[in-house]
Every structure is written in C-alpha cells, then in structure tokens.
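Chemist: Residue numbers for the sequence shown follow UniProt numbering, so the first one is 1 and each next one is one higher.
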Amino acid sequence: MSQEQQYARRMARGTILTQLYRLQDMGLNDPATPCTCSRLTLRGLGATGMMPPPELEVSALRWLEDKGYVTVDWAMDDHTNYESVTITRGGMDLYEDKKARAREPGLLLQPRR
C-alpha cells in the first residue's frame, strides 16, 4: 500500500471520528440517542464534501469499530452498509486528547484549538 493510500485511510478515520464527535457535542443528533448518528446524516455530510468518499467510509468504520472508538449498527451481515454509528466514550476521549496523533497513529485528526 502506498503512502498516499495510507494517508487517505488515516484521514478518513479521523474525519469520521471528528464528525461524530461534533454532531454529538453540538446536540445535532436525536436527543434520545445523542451519541448516535444515522447513516442519512453522515451521507448528507458526504454530499457536501465533509466526509470521506464511500469507498473509504465502510473500511474506516470497520477499523474504528475494531478499535472500540465507535459501534456500528450494520444493516447486513457482510458489513457493507450500516444504519447508524455511535461514538463511544473511548472515541470521545481520543478526540479530546491533544496527543491523539501519538496515542493512535492509525488515524489522523486535524489540529484543534
């Protein structure tokens, strides 16, 4: 795998985690499930260029779920489509950690203030 492909995967993972964190932090998800974001919301963000392309999205979600940063409500047994994604406490902690890049080199979070 080329460095560009590795960078794209790390960026996709970080972008998804960032969007999930921001949506729950701003109270933009369903109040009954504030840490859970629907597929339609994430796809809407994708339509505006704020999410990774679909070919990277599912693999990034699998990786984030394997690491315990999110839980995914998969729509099918083959894990090719999902209904919703929930950011876990571990995912929130990672996003809030100023040293997240060193702590988790498998994803790339944009610098924050």
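Ideal placement from N, C-alpha and C gives every residue a C-beta, glycine not left out.
Let me confirm a value: residue 41 is counted as buried when at least 16 other C-beta atoms fall within 10 Å, else exposed. Which label applies?
Modeler: With 16 or more Cβ atoms within 10 Å of its Cβ, residue 41 is classed as buried.
Chemist: Measuring alpha carbon to alpha carbon, tell me which of 65, 11, 83 ends up nearest residue 50.
Modeler: Among 65, 11, 83, the Cα nearest to that of residue 50 belongs to 11.
Chemist: Looking only at its own chain, which residues have a Cβ that is under 7 Å from the Cβ of residue 116, when we skip the five neighbours before and after it?
Modeler: As displayed, the chain neither begins before 1 nor continues past 113, which places residue 116 out of reach and without an answer.
Chemist: Taking buried to mean at least 16 other C-beta atoms within 10 Å of its own C-beta, is residue 24 buried or exposed?
Modeler: Residue 24 should be labelled buried.
Chemist: Measure from the alpha carbon of residue 6 to the alpha carbon of each residue in 90, 59, 27, 79, then state which is nearest.
Modeler: Considering only alpha carbons, the answer is 59.
Chemist: Could you check the C-alpha separation between residue 87 and residue 99 for me, to the nearest Å?
Modeler: Approximately 19 Å between the Cα atoms of the pair.
Chemist: Which value, in whole angstroms, describes the spacing of the CA atoms of residue 64 and residue 15?
Modeler: One C-alpha to the other measures close to 11 Å.
Chemist: Grab me the residues of residue 46's own chain with a C-beta within less than 8 Å of its C-beta, minus the 5 sequence neighbours each way, in chain order.
Modeler: If we look at residue 46 and ignore the five residues flanking it on each side, its Cβ neighbours are 52, 53, 54, 57.
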